[in-house]
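Participant:
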Amino acid sequence: MRRMDTQTHKKRTWAEPYKIKMVELLRMTTREERLVAIREAGYNTFLTRSRDVYIDLLTDSGTSAMSDRQWAGMMLGDEAYSGSENFYHLESVVREYYGYKYLVPTHQGRGAENLMSKILIEKGDYVPGNMYFTTTRLHQELAGGIFVDVIVDEAHEPESTFQFKGNVDLRKLAALVDEVGANHVPYISLEGNVNMAGGQPFSMANLRELRLYCDQHDIPIMLDATRTIENAWFIREREDGYARKTVREILREICDMTDGCTMSAKKDALVNIGGFFACNDDEVYQKAQNLVVVYEGLHTYGGMAGRDMEAMAQGIREAVTEEHMAARIGQVRYLGQKLEAAGVPIVEPIGSHAIFLDVRRFLPHIDQDEYPAQALAAELFIESGIRSMERGNVSAGRDPVTGENRRPRLELVRLTIPRRVYTQAHMDVVAECVIDLYQRREQIRGLKMVYEPEYLRFFQARFEPIA
Ligand SMILES: *Cc1c(COP(=O)(O)O)cnc(C)c1O
48 MRRMDTQTHK KRTWAEPYKI KMVELLRMTT REERLVAIRE AGYNTFLTRS
98 RDVYIDLLTD SGTSAMSDRQ WAGMMLGDEA YSGSENFYHL ESVVREYYGY
148 KYLVPTHQGR GAENLMSKIL IEKGDYVPGN MYFTTTRLHQ ELAGGIFVDV
198 IVDEAHEPES TFQFKGNVDL RKLAALVDEV GANHVPYISL EGNVNMAGGQ
248 PFSMANLREL RLYCDQHDIP IMLDATRTIE NAWFIRERED GYARKTVREI
298 LREICDMTDG CTMSAKKDAL VNIGGFFACN DDEVYQKAQN LVVVYEGLHT
348 YGGMAGRDME AMAQGIREAV TEEHMAARIG QVRYLGQKLE AAGVPIVEPI
398 GSHAIFLDVR RFLPHIDQDE YPAQALAAEL FIESGIRSME RGNVSAGRDP
448 VTGENRRPRL ELVRLTIPRR VYTQAHMDVV AECVIDLYQR REQIRGLKMV
498 YEPEYLRFFQ ARFEPIA
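Per this note's numbering, residue 48 is the first one in the sequence shown, and the count goes up by one each step.
#1: Between A508, L410, E501, E511, which has its C-alpha nearest R487's C-alpha?
#2: Would the beta-carbon of V460 fall within 8 Å of that of A420?
#3: Identify whether D271 lies in helix, strand or coil by the three-state DSSP scheme.
#4: Rank G398, R454, R59 by C-alpha distance to the C-alpha of E417 and give the top, closest one.
#5: Return the chain-ordered ranges of every beta strand (DSSP E) run that is complete within the segment 402-477 and spans a minimum of 3 residues.
#6: So is A62 buried or exposed if we call it buried at 16+ other beta carbons inside 10 Å?
#7: With a threshold of 7 Å (Cβ to nearest heavy atom), would E277 be considered close to ligand 1?
#8: How is I67 classed by DSSP in three states: helix, strand or coil?
#9: Quick one, which of R78, K66, P64, R74 has its alpha-carbon nearest S431's?
#10: Is any heavy atom in ligand 1 found nearer than 7 Å to the beta carbon of S311?
#11: Within the present structure, is the beta-carbon of E437 separated from the nearest heavy atom of ligand 1 by less than 7 Å?
#12: Cβ atoms of M121 and E357: under 8 Å apart, would you say?
#13: I'd like the ranges of any alpha helix (DSSP H) spanning at least 4 consecutive residues and lying wholly in the segment 337-366.
#14: Could you tell me whether the segment 323-337 touches the segment 100-120, using the rule of 3 or more Cβ pairs below 8 Å?
#15: Heavy atom of ligand 1 less than 7 Å from the Cβ of Q210, yes or no?
#16: Alpha carbon to alpha carbon, how far is F428 from I193? Give it in angstroms, no decimals.
#17: Output the distance between the C-alpha atoms of G349 and D125, rounded to the nearest integer angstrom.
#18: Using 8 Å as the threshold, is the C-beta distance between I85 and T76 below it?
#19: Beta-carbon separation of Y145 and C261 under 8 Å?
#20: At what residues does the alpha helix (DSSP H) containing K385 begin and finish?
#21: Which word fits M163, buried or exposed, when buried means at least 16 other C-beta atoms lie within 10 angstroms of its C-beta?
#22: Rounded to a whole number of angstroms, what is the C-alpha to C-alpha distance between A401 and E437?
#23: As an exercise, report each continuous alpha helix (DSSP H) stretch of at least 4 residues that is fully enclosed by the segment 244-304, in chain order.
#24: So what's I491 in DSSP terms, helix, strand or just coil?
#25: L105 lies in the beta strand (DSSP E); which residues open and close that run?
#26: G383 and I397: beta carbons closer than 8 Å?
#27: Using only the heavy atoms of ligand 1, determine whether one of them is closer than 7 Å to the beta carbon of S207.
#28: What residue does the alpha helix (DSSP H) around G120 start on, and which one ends it?
#29: As a quick exercise: from Y128, V468, T183, pick the residue whose alpha carbon is nearest that of K68.
#30: Which same chain residues, not among the five before or five after S311, have their C-beta less than 6 Å away from its C-beta?
#31: DSSP three-state call for E499: helix, strand or coil?
#32: I'd like to know if the segment 337-345 and the segment 275-291 are in contact, where contact means that at least 3 CB-CB pairs between them fall below 8 Å.
#33: Would you kindly work out how many angstroms separate the C-alpha atoms of A443 and P465, rounded to a whole number?
#34: Between the segment 495-509 and the segment 89-104, do three or more beta carbon pairs fall short of 8 Å?
#35: For H346, which of Y149, P64, L73 has the nearest alpha-carbon?
#36: Less than 8 Å between the beta carbons of A316 and H264, yes or no?
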């Protein structure tokens with residue numbers, strides 16, 4: 048693989064390392080149409096229809112544009128029920144790039160989380176993690192576990208410019224282990240480029256310390272590998288001793304220090320659907336290989352078509368290239384810097400996959416129980432047809448013990464950038480629209496929740512404006 052010349056990289060701006068072969072036309076709507084659409088969607092952007100959206104920044108999950116090579120791979124789909132050739136190809140690619148011994152494919156990330164949680168967690172166990180992710184924590188809880196946040200304090204401070212906000216606070220972890228005993232901690236859940244903190248990386252130094260601690264206490268490290276290629280990029284950029292390593296080498300170094308992973312291939316791996324569980328332990332693998340049959344499908348497809356596995360194998364190869372990652376991070380940073388220059392409050396440092404608007408500072412006049420981030424996402428849609436999502440009080444859900452809203456420290460709107468989909472001109476439009484909203488922010492009102500589903504309420508909850 049070609050190494051990027053770092054001198055050239057410094058002097059020149061990033062550019063998309065591809066040209067466009069096929070386009071999808073966008074639909075513009077009027078403000079009136081969008082008002083009707085958001086009302087019908089209960090002021091929840093997850094419930095709006097994609098036909099009513101102009102620029103879709105809801106998520107970077109499964110929204111990537113695939114390459115011609117990935118599409119060509121789709122034609123090589125071996126749709127045999129068992130032993131598909133594409134499975135063995137994917138297995139070899141995962142072994143090569145991520146380095147784990149065993150692969151169990153799943154339909155997406157949460158399928159892998161379900162398997163892992165059921166296999167490793169016993170009722171009453173504690174599962175420490177560097178901040179929660181919605182589906183990850185839910186599967187831990189459904190398996191009888193209790194999630195404990197052990198991320199560094201800086202991660203909860205949107206204004207902190209700490210470079211490794213994804214780091215585990217070893218003192219918090221040690222305090223938990225001392226209190227409950229290592230035998231009640233089945234593993235530590237370590238997420239690369241922590242999504243809920245704003246797409247923030249952990250450092251290799253932190254992972255090394257964590258490994259040492261976990262070895263001393265016989266606690267496995269299970270990686271949420273969903274955005275670990277992006278984490279590897281930041282390590283290369285920011286951490287001493289890594290400037291001359293490739294993203295690919297750093298990814299392997301991370302995985303080699305962990306015991307297994309769950310993966311949503313819908314993010315880093317540039318596919319529209321897919322995921323996997325991977326590990327090194329024979330016994331855990333055997334259990335996962337058996338359990339996957341119950342929830343996903345046979346262990347050589349796990350809920351994916353053969354063609355999906357082929358596209359994923361090729362997607363992983365493309366995702367670890369320097370060119371791809373430079374453009375990925377470059378585009379997100381381009382948008383973030385435009386907003387910063389206009390004084391719009393965003394989470395610092397700018398992360399890898401999204402810009403997070405800091406709604407506590409954007410809408411200080413709205414109480415958190417009136418869901419200011421939800422209100423801002425709805426307002427941005429009405430204003431511009433740009434679809435974003437809430438990452439605040441609605442996403443955090445209720446405390447299982449008290450039943451109260453969790454009122455998290457971070458109340459954010461996420462503008463998530465799909466991979467290889469939009470151009471720099473689209474980013475300009477997004478910046479203009481957000482800046483317009485910021486200038487008339489006093490006019491924005493809160494919402495009340497009128498329907499609350501039991502699980503992962505942010506997906507389907509409905510709201511009405513407060514009169
Ligand atoms: C998306 C995501 C998941 C869940 O994966 P799905 O493919 O959506 O089921 C888990 N962890 C992280 C960090 C994610 O971003």
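Glycine included, C-beta positions come from ideal geometry on N, C-alpha and C.
This one's a predicted model, so the numbers in the text were calculated from it and none came from an experiment.
Facilitator: Looking at the coordinates:
#1: The residue with the shortest Cα to Cα distance from R487 is L410.
#2: Judged by beta-carbon spacing, A420 lies within the 8 Å limit of V460, meaning their Cβ atoms are closer than that value.
#3: The answer is strand: DSSP assigns D271 an E or B state.
#4: The residue with the shortest Cα to Cα distance from E417 is R454.
#5: Here the runs fully enclosed are 436-438, 459-463.
#6: Under this definition A62 is an exposed residue.
#7: With a threshold of 7 Å, the Cβ atom of E277 does not count as near ligand 1, since no heavy atom of the ligand is closer than that.
#8: Taken through DSSP and simplified to helix, strand or coil, I67 comes out as coil.
#9: When each option's Cα is compared against that of S431, the closest is R78.
#10: Yes, since a heavy atom of ligand 1 falls inside the 7 Å radius drawn around the Cβ of S311.
#11: It does not: the Cβ of E437 is nowhere closer than 7 Å to a heavy atom of ligand 1.
#12: It is a contact, given that the beta carbons lie within the stated cut-off.
#13: Correct list: 353-366.
#14: No, because fewer than three Cβ pairs between the segment 323-337 and the segment 100-120 fall closer than 8 Å, the two stretches do not touch.
#15: Not so, every heavy atom of ligand 1 lies at least 7 Å from the Cβ.
#16: So the alpha carbons of these two residues sit roughly 36 Å apart.
#17: Inter-residue distance for G349 and D125 is about 14 Å (C-alpha atoms, whole angstroms).
#18: Their beta carbons are not under 8 Å apart, which means I85 does not touch T76 by this criterion.
#19: Against a cut-off of 8 Å, the Cβ pair of C261 and Y145 comes out as no contact.
#20: Looking at the DSSP string, the run of the alpha helix (DSSP H) that includes K385 is 369-388.
#21: A buried status is given to M163, since no fewer than 16 other beta-carbon atoms sit within 10 Å of its beta-carbon.
#22: Distance between the alpha carbons of A401 and E437 is about 12 Å.
#23: Along the segment 244-304, the alpha helix (DSSP H) occurs as fully enclosed runs of 4 or more residues at 251-264, 275-285, 294-303, listed in sequence order.
#24: In the structure shown, I491 sits in coil (DSSP, three-state: anything other than H, G, I, E or B).
#25: Premise fails: L105 is in no beta strand (DSSP E) and is neither H nor E.
#26: Taking 8 Å as the cut-off, the beta carbon of G383 is found closer than this to the beta carbon of I397.
#27: A distance criterion of 7 Å places the beta-carbon of S207 beyond contact range of ligand 1, judged by its closest non-hydrogen atom.
#28: DSSP places G120 inside the alpha helix (DSSP H), whose first and last residues are 115-121.
#29: Restricting attention to Y128, V468, T183, the CA atom closest to the CA of K68 is found in V468.
#30: Once the five neighbours on either side are set aside, the close Cβ partners of S311 are Q155, G156, T273, G322.
#31: In this structure, E499 counts as coil in the three-state DSSP scheme.
#32: Under the three-pair Cβ rule at 8 Å, the segment 337-345 does not count as touching the segment 275-291.
#33: Approximately 23 Å, taken between the alpha carbons.
#34: Short answer: they touch.
#35: Of Y149, P64, L73, the residue nearest in Cα terms is Y149.
#36: One thing to note: A316 has its Cβ no nearer than 8 Å to the Cβ of H264.
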